[in-house]
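2 protein chains.
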Amino acid sequence: MGLTKTDTYNTKTLSLATLFKALGHPARIAILEFIAKQSTCICGDIVTELPLSQASISRHLSELKAAGLIKGTITGTSVCYCLNPENMPFLVQFLNQLNSPTNQTCCS
Amino acid sequence: MGLTKTDTYNTKTLSLATLFKALGHPARIAILEFIAKQSTCICGDIVTELPLSQASISRHLSELKAAGLIKGTITGTSVCYCLNPENMPFLVQFLNQLNSPTNQTCCS
DNA sequence: TAATTTAATCGTAATATTGCGATATAATAA
DNA sequence: TTATTATATCGCAATATTACGATTAAATTA
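Chains A and B, in that order, give the protein sequences.
Following numbering that gives the first Met the number 0, the numbering of the first sequence begins with 0 at its first residue and continues without gaps.
Following numbering that gives the first Met the number 0, the numbering of the second sequence begins with 0 at its first residue and continues without gaps.
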């Protein structure tokens, strides 16, 4: 019965880590890049785009979806995926804070 | 002799994934938040700040350093860590692209 | 209804990450 | 030189992630 991550870190820290973790795999970055490039939903043609099995891509898609980075809509036999921009500002804000001038005053 | 990640994904995709992966753990987010909060170098007092062993913190610090998210300078017996803002704009730019209006035209 | 298509899930093997005690290293202080 | 202090690394166990073939599920088409 050790400390869990939920006990140890606050909600914001855990959310950031979860989102970044979902972004921390090249296949998932490639999927996001591909969806963005289409600038519309993509329906099923991701499997042909990446050198991964259908099972693996489906897994990555569900991870991206669970993290709130994409949305999926069922249309007939296929599923339509698009970006979910909801959490982007949260991540950008965090990174910008790390990048602010106040944090560049040492280790030069 | 399967395909390696380096064969499969382009450099930009791999860099993004590596950086995000380094950000994908609550302990490492907490470390970055702590350094940012001090808005100066921190020298050694991270161990008392987080509920992790000295060995584990050292490991997380070296991962953050390897990813290029922090810098470390040796000063006497201790090491001084501060943020390395170098890669932040790269990450922010990627996230902002995902968040651009062009990418919000479907799955509504 | 039976075949087809599309995507998710299961089971499992391989690999990677995480955490920690113990130990090593390196600089300073006594 | 011998402690002491601060940090990194080693070795190992526990856990998590990744990938894929096979299977399942659900909608569509013949």
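For each residue, glycine too, the CB sits at the ideal point set by N, CA and C.
Could you tell me the alpha carbon to alpha carbon distance between residue i and residue j, rounded to whole angstroms?
i: Asn9(B); j: Thr101(B); result: 24 Å
i: Asn98(A); j: Gly71(B); result: 17 Å
i: Gln37(A); j: Ala35(B); result: 37 Å
i: Phe89(B); j: Ile41(B); result: 25 Å
i: Leu31(B); j: Leu49(B); result: 12 Å
i: Pro84(A); j: Leu18(A); result: 12 Å
i: Ser77(B); j: Phe33(A); result: 45 Å
Measure from the C-beta of residue i to each C-beta in chain B and report whether the shortest distance is under 9 Å.
i: Thr47(A); result: no
i: Arg58(A); result: no
Can you list, in chain order, the residues of its chain with a C-beta nearer than 7 Å to that of residue i? Leave out the 5 residues immediately preceding and following it.
i: Gly21(A); result: Per the sequence presented here, residue 21(A) reads as Ala, with Gly not at that position. Excluding positions up to five away in sequence, the list reads Arg27, Glu62, Leu63, Ala66, Leu68.
So which of the options has the shortest CA-CA distance to residue i?
i: Gly75(B); options: Gly43(B), Pro25(B), Pro88(B), Gln37(B); result: Gly43(B)
i: Tyr80(B); options: Asn95(B), Ser57(B), Phe93(B), Asn98(B); result: Ser57(B)
i: His24(B); options: Ala16(A), Ile30(A), Pro25(A); result: Ala16(A)
i: Asp6(B); options: Leu51(A), Glu85(A), Leu94(A); result: Leu51(A)
i: Met87(A); options: Phe33(B), Leu94(B), Ala29(B); result: Leu94(B)
Using a 10 Å radius around the Cβ and a threshold of 16 neighbouring Cβ atoms, would you call residue i buried or exposed?
i: Ile73(B); result: exposed
i: Thr12(A); result: buried
i: Ser14(B); result: buried
For chain A, is any of its Cβ atoms less than 9 Å away from the one on residue i?
i: Ser111(B); result: Examination of residue 111(B) is not possible in this model, given that chain B is present from 0 through 107 alone.
Suppose the cutoff is 6 Å on Cβ atoms and the five residues either side in sequence are ignored; what does the same chain contact list for residue i look like?
i: Leu60(B); result: none
i: Val46(A); result: Gln53, Ile56
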